[in-house]
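Asks:
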Amino acid sequence: MKNLFLTLTLVLTSLLGFSQDTATITVTIDNVTSDKGLVMMSLHNKDTFMKAKAIMNAKSEIKDGKVAITFENVEAGEYAIIAFHDANENNNMDFSENGMPLESYGMSNNSMSFGPPNYDDAKFKVEDTNLELNIRF
Numbered sequence: 105m106k107n108l109f110l111t112l113t114l115v116l117t118s119l120l121g122f123s124q125d126t127a128t129i130t131v132t133i134d135n136v137t138s139d140k141g142l143v144m145m146s147l148h149n150k151d152t153f154m155k156a157k158a159i160m161n162a163k164s165e166i167k168d169g170k171v172a173i174t175f176e177n178v179e180a181g182e183y184a185i186i187a188f189h190d191a192n193e194n195n196n197m198d199f200s201e202n203g204m205p206l207e208s209y210g211m212s213n214n215s216m217s218f219g220p221p222n223y224d225d226a227k228f229k230v231e232d233t234n235l236e237l238n239i240r241f
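Structural data, given as structure tokens:
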């Protein structure tokens, strides 16, 4: 009986010690101008924002101008999402010679200012509840 009690205590302690607050983030875009290509999204924190390496990346085919992408097991914290329509499926956002984007893009909170995206405008908090976000291109 003593061994059973110790075993159960150890198992419960281990489970509680390894539990983390995570959430699922479901992102929808419903104004993609064409079903051609893919929509690509990246989840960033302040340190990775606008850099090549994201916390998580995802991509989806487009159906009737709509996309839904889910980021699972996202730890609690502050994040921002950047999305773009990769119409030619080259896995890159394309720009004109003067630096203007040639493909549609958007970010969390739908803040669209002139110039590159700003983390403080796009950031949101993840806690222990699932989130549903909508991004507009």
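The numbers in the numbering used here rise by one with no breaks, and the one at position 35 of the sequence shown is 139. Cβ coordinates follow ideal geometry from the N, Cα and C atoms, glycine included. Computed from a predicted model, the values in this text were never measured in an experiment.
(1) Can you tell me the Cα-Cα spacing of P205 and E179, whole angstroms?
(2) Kindly give me the distance between the Cβ atoms of I133 and F241, rounded to whole angstroms, as I take these residues to be in contact under 8 Å.
(3) Does the separation of the CB atoms of F175 and Y223 fall below 7 Å?
(4) Assign A187 to one of three DSSP states: helix, strand, or coil.
(5) Can you have a look at M216 and say buried or exposed, based on whether 16 or more other CB atoms are within 10 angstroms of its CB?
(6) Straight-line CA distance for M144 to S138?
(7) Check S212 in the structure and name its three-state DSSP category.
Replies: From the atom records:
(1) If you take the alpha carbons of P205 and E179, they lie about 31 Å apart.
(2) I133 to F241, Cβ: 6 Å. Contact.
(3) If you check the CB distance, F175 and Y223 do not come in under 7 Å.
(4) A187 sits in a strand when the DSSP states are folded into three classes.
(5) Exposed.
(6) CA-to-CA, the gap between M144 and S138 works out to about 14 Å.
(7) Here S212 sits in helix by DSSP.
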